[in-house]
Each structure stands twice: as C-alpha cells, then as structure tokens.
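Asker: Quick note: the sequence shown uses UniProt numbering, first residue 1, plus one each step.
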Amino acid sequence: MFMGKERKELIKYGKKLVTEGLTKGTGGNLSVFNREKGLIAITPSGIDFFEIKEEDIVIMDLEGRVVEGEKLPSSEWYMHLIQYQQREDLDAVIHAHTTYGTVLSVLREPLLASHYMIAVAGKDVRVADYATYGTKELAENAAEAMKDRRAVFLANHGILAGAQDLLNAFNIIEEVEYCSKIYCVAKSIGEPVILPDEEMELMAEKFKTYGQRK
1 MFMGKERKEL IKYGKKLVTE GLTKGTGGNL SVFNREKGLI AITPSGIDFF EIKEEDIVIM
61 DLEGRVVEGE KLPSSEWYMH LIQYQQREDL DAVIHAHTTY GTVLSVLREP LLASHYMIAV
121 AGKDVRVADY ATYGTKELAE NAAEAMKDRR AVFLANHGIL AGAQDLLNAF NIIEEVEYCS
181 KIYCVAKSIG EPVILPDEEM ELMAEKFKTY GQRK
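(1) Only counting the same chain, and skipping five residues up and downstream in sequence, which positions put a Cβ closer than 7 Å to that of Ala113?
(2) Please tell me whether Tyr100 and Cys184 are closer than 8 Å, where the distance is taken between their beta carbons.
(3) Nearest to Glu68 by CA position, among Gly158, Leu17, Glu36, Ile40, is which residue?
(4) Who are the near neighbours of Ser74 in its chain, counting only those whose CB is closer than 6 Å to its CB and skipping five residues on each side?
(5) Considering only C-alpha positions, which residue in the set Glu20, Tyr84, Leu154 is nearest to Thr135?
(6) Using 10 angstroms around the beta-carbon of Tyr133, count the other beta-carbons present and answer buried if the total reaches 16, otherwise exposed.
(7) Would you tell me roughly how many angstroms separate the C-alpha atoms of Lys53 and Lys187, rounded to the nearest one?
(8) Measure the Cβ-Cβ separation of Cys179 and His115 and say whether it is below 8 Å.
(9) Going by CA-CA distance only, name the one from Glu175, Leu104, Gln86, Leu111 that's closest to Ala143.
(10) Given Gly4, which residues of its chain have a CB within under 8 Å of its CB, disregarding the five upstream and five downstream residues?
(11) At 4 residues or longer, what runs of the alpha helix (DSSP H) sit wholly inside the region 89–117?
(12) Between Glu9 and the ligand GTP, is there a pair consisting of the residue's CB and a ligand heavy atom that are separated by less than 7 Å?
(13) If you follow the alpha helix (DSSP H) that Ser188 is part of, which residue opens it and which one closes it?
Written as structure tokens, this is what we have:
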C-alpha cells in the first residue's frame, strides 16, 4: 500500500477528533500530502472514524484521480486538493464540525484577535462564503478565505485548518475551538477586547517557532 505511515496517522487523528469532542459521528475529514510523491492520502466518505481501516484510506493524485483504494474518498476531497495545489506551506488538512467554531460560522462572524493563541491560525479566522458541502464552490470559497491564514470557518458548516503535518493541523483545530469558546462566552457577558494588529504581528513572529517540528 502507498503511504502506510500516513494511513496510520489519519486514523489516529480522526479518532482524536471524536475523543476530544471536536466532531461528531462521521462529520469531518482529514488528509496528508506527500509532496515528494505528489500523492494525497484522505479519509473515506461516511465511515465512522473508529471503524476506518488502513486499507480504507484513499490515495489520490493532484489531478483528483484515485490512485489506490476501493472506498470513495471524502465528499470534501476537492477542498483538500485545492489547498495542496495552491499552498506550499500545507501538507496536512483537517475539516471538523467543532461546536463553538460552528456557532461563529452560523452567525457568519469571524473570530477576532480576542486571545493571542488565535495566532496559530493567523491574525483572525475569517468565514468563507456559504456553499453546499462537497462542491467545488465550497472548496474555492474556503481557499480564498484561508489565504494568509491556517484556518477558516465554513459558513453554517464547520472549520478547516492546515499545517505542515497532522499534529500541528490538529493543534490549530484545538486552539481555534478553545478561542472560539472563550469569544462566545465573553460575547454573552459583554464586548470582547480585541488585541491590536501590532500584538498579533508579534505573536505571528513568536509562533514561527511554536509547536512541534519534525
């Protein structure tokens, strides 16, 4: 099988999405891009994360062709593919149905710089224009709104995040969800104080060496 190590990691982090309360059921999908081989390993469509086997992972190329696998790839496969086509800094992408991030996506409200940890994703987290799930339009909307960022909210849907590997992509999902919760709770009491651009620029520099590096 192609990409044996990546298959194991996709299963591991898919389960973590559920156990850490970052998605429900089969909601969400994960992928890894092997830039050297030009191949993408992506989770299959509609299978419980705790039921996915290594052979269920689908291998695709950058043209969207299935290279190996009997299962259908995630219905959101193009939303992953377009990131790898357009971004040289992303080799792993995770889409999840987090609770507080999705609340903001339903409100069509970006996550502003109310907490410095938002810097793992960028100065803020934008909301991509709404489009039906699994469509090319949704993938293009997400890619546009995620420019210069490592996460984006999908309107009335969930969150998409990317990084150099699954460990860091998962960390972005976790941190953005935490910051989204803080922001929503703060909004229920008063008006959150937003950190200035200068501080977030400083955080961007500091976060260049934040997190685990392989």
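Glycine included, each C-beta is placed from N, C-alpha and C at the ideal position.
Answerer: Quick answer:
(1) Lys123, Asp124, Ile194, Leu195, Met200
(2) yes
(3) Ile40
(4) Asn29, Ile42, Thr43, Ser45
(5) Leu154
(6) exposed
(7) 42 Å
(8) yes
(9) Gln86
(10) Glu54
(11) 99–107
(12) This structure lacks the ligand GTP; in fact it carries no ligand of any kind.
(13) 166–189
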